[in-house]
Amino acid sequence: MYDPSHLRTFLAVAQTLSFTRAGRRLGLRQSTVSQHVRRLEDATGRQLFSRDTHSVELTEDGEAMLGFARRILEVHEQATAFFTGTRLRGRLRFGASEDFVLTRLPEILEAFRHDHPEVDLELTVELSGTLHEQLASGKLDLVLAKRRPEDPRGEPVWHDRLVWIGAERLRLDADRPVPLIVYPPPGITRALALEALQRQGREWRIACTSGSLNGLIAAARAGLGVMAHSLGFVPPGLVRVPDRHGLPELGQVDFVLVHGRRRPSAQGPADALAAAILAAGDRLHPRGRADG
Numbered sequence: 231m232y233d234p235s236h237l238r239t240f241l242a243v244a245q246t247l248s249f250t251r252a253g254r255r256l257g258l259r260q261s262t263v264s265q266h267v268r269r270l271e272d273a274t275g276r277q278l279f280s281r282d283t284h285s286v287e288l289t290e291d292g293e294a295m296l297g298f299a300r301r302i303l304e305v306h307e308q309a310t311a312f313f314t315g316t317r318l319r320g321r322l323r324f325g326a327s328e329d330f331v332l333t334r335l336p337e338i339l340e341a342f343r344h345d346h347p348e349v350d351l352e353l354t355v356e357l358s359g360t361l362h363e364q365l366a367s368g369k370l371d372l373v374l375a376k377r378r379p380e381d382p383r384g385e386p387v388w389h390d391r392l393v394w395i396g397a398e399r400l401r402l403d404a405d406r407p408v409p410l411i412v413y414p415p416p417g418i419t420r421a422l423a424l425e426a427l428q429r430q431g432r433e434w435r436i437a438c439t440s441g442s443l444n445g446l447i448a449a450a451r452a453g454l455g456v457m458a459h460s461l462g463f464v465p466p467g468l469v470r471v472p473d474r475h476g477l478p479e480l481g482q483v484d485f486v487l488v489h490g491r492r493r494p495s496a497q498g499p500a501d502a503l504a505a506a507i508l509a510a511g512d513r514l515h516p517r518g519r520a521d522g
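The sequence shown: position 158 = 388 (this note's numbering), numbered continuously.
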């Protein structure tokens, strides 16, 4: 009843909230993406997206289809692997940024290990900037992290907005430097926050530095300062800093999958894990909780 290619297109649109970005991810023209979504909507008899010239949003039926589409595709891939007799083997060095510490990424990795028990999966959790450096030096095969603004590489998993967050009771004095809670270099959100403050001419000071997401959250909850953070990933106990404090806009951020040098023994496992993450991207989407 539901064509797997249409379901993959639906998931790509749902995760990127953009027909254009979904087309880029899948290597399809925007007209083909629209056609796939229309045919899936015809098959379900329901509208899955509400869209206009400026935005794309999932409808209530679209939200329901997310889980169904993911499970259908998982079973489809398992059946294909079983009957073709293909078994992936090799060592895969996978890096995930601190953003995903509190998401459902472990469930995706557990399912991957179940489906591919002969793949030796090694997980590294680090800052996005550090992961990109390790990928470039050949120490990792696949990375799931924020994309540097100047770096065009990577398959978009989703697109989000960066905002300032802090404790609800936090008060900022306009005459004093902004107290910052940041990752150490080469943290990508750190660099974006400092650049934004410098462009505005706003003074700042480092109130807390931690390489741990939990450390940053603890400092923010204690009211030590503000941190730059993905809008959809605001942790419990923290809120957006009100506009009246006059902090500068931080812009957008892309979360992407990036492949490293194609080692023959890692290429198949890396492609399979990337496909699994893209297919199950709604589990990592800001409906979950995390940051980095």
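For every residue, glycine included, the Cβ atom is placed at its ideal position computed from N, Cα and C.
Query	Result
Nearest-angstrom Cα separation, counted from G384 out to R268	27 Å
Per DSSP, the bridge partner or partners of F485	K376 and W388
Bridge partners - D350, DSSP secondary structure assignment	R321
Nearest to A341 (by Cα), restricted to the options Q308, F312 and S367	Q308
Inter-residue spacing [alpha-carbon to alpha-carbon] between S495 and Q265	37 Å
Delimiting residues of the beta strand (DSSP E) encompassing V286	V286 to L288
Under 9 Å between C-beta atoms of D484 and K369	no
Which of helix, strand or coil DSSP assigns to V243	helix
Validate contact between the stretch 332-339 and the stretch 298-314 using beta carbons, cut 8 Å, 3 pairs	no
Distance between beta carbons of I395 and A450, contact taken as under 8 Å	7 Å
Host beta strand (DSSP E) of R435 (start-end)	W434 to T439
Outcome for Q277 when other beta-carbon atoms lying within 10 angstroms are tallied against a minimum of 16	exposed
Which of helix, strand or coil DSSP assigns to P336	helix
Residues that DSSP places opposite I395 in a beta bridge	M457 and R470
The stretch 247-260 in contact with the stretch 314-323 per 3-pair CB rule at 8 Å	no
Collapsed DSSP secondary structure at E363 in the structure displayed	helix
Where V331 falls: helix, strand or coil (DSSP)	coil
E479, buried or exposed, once every other Cβ within 10 Å from all chains shown has been counted against 16	exposed
Nearest to V408 (by Cα), restricted to the options A504, Y232, Q430 and T289	Q430
For A326, the residue or residues it bridges with in DSSP	V355 and L374
Proximity winner among D501, A509 and A506, relative to D371 (alpha-carbon distances)	D501
Closest by C-alpha distance to G462, when choosing among D329, E271 and Q364	D329
Close-in-space but distant-in-sequence residues of the same chain around D350 (CB under 6 Å, 5 per side omitted)	R321
Given W434 as reference, the closest of G481, L296, R420 and R493 once Cα atoms are compared	R420
Neighbourhood of P499 by C-beta, 7 Å cutoff - its chain only, sequence neighbours within 5 removed	L318, G320, L322, H346 and V349
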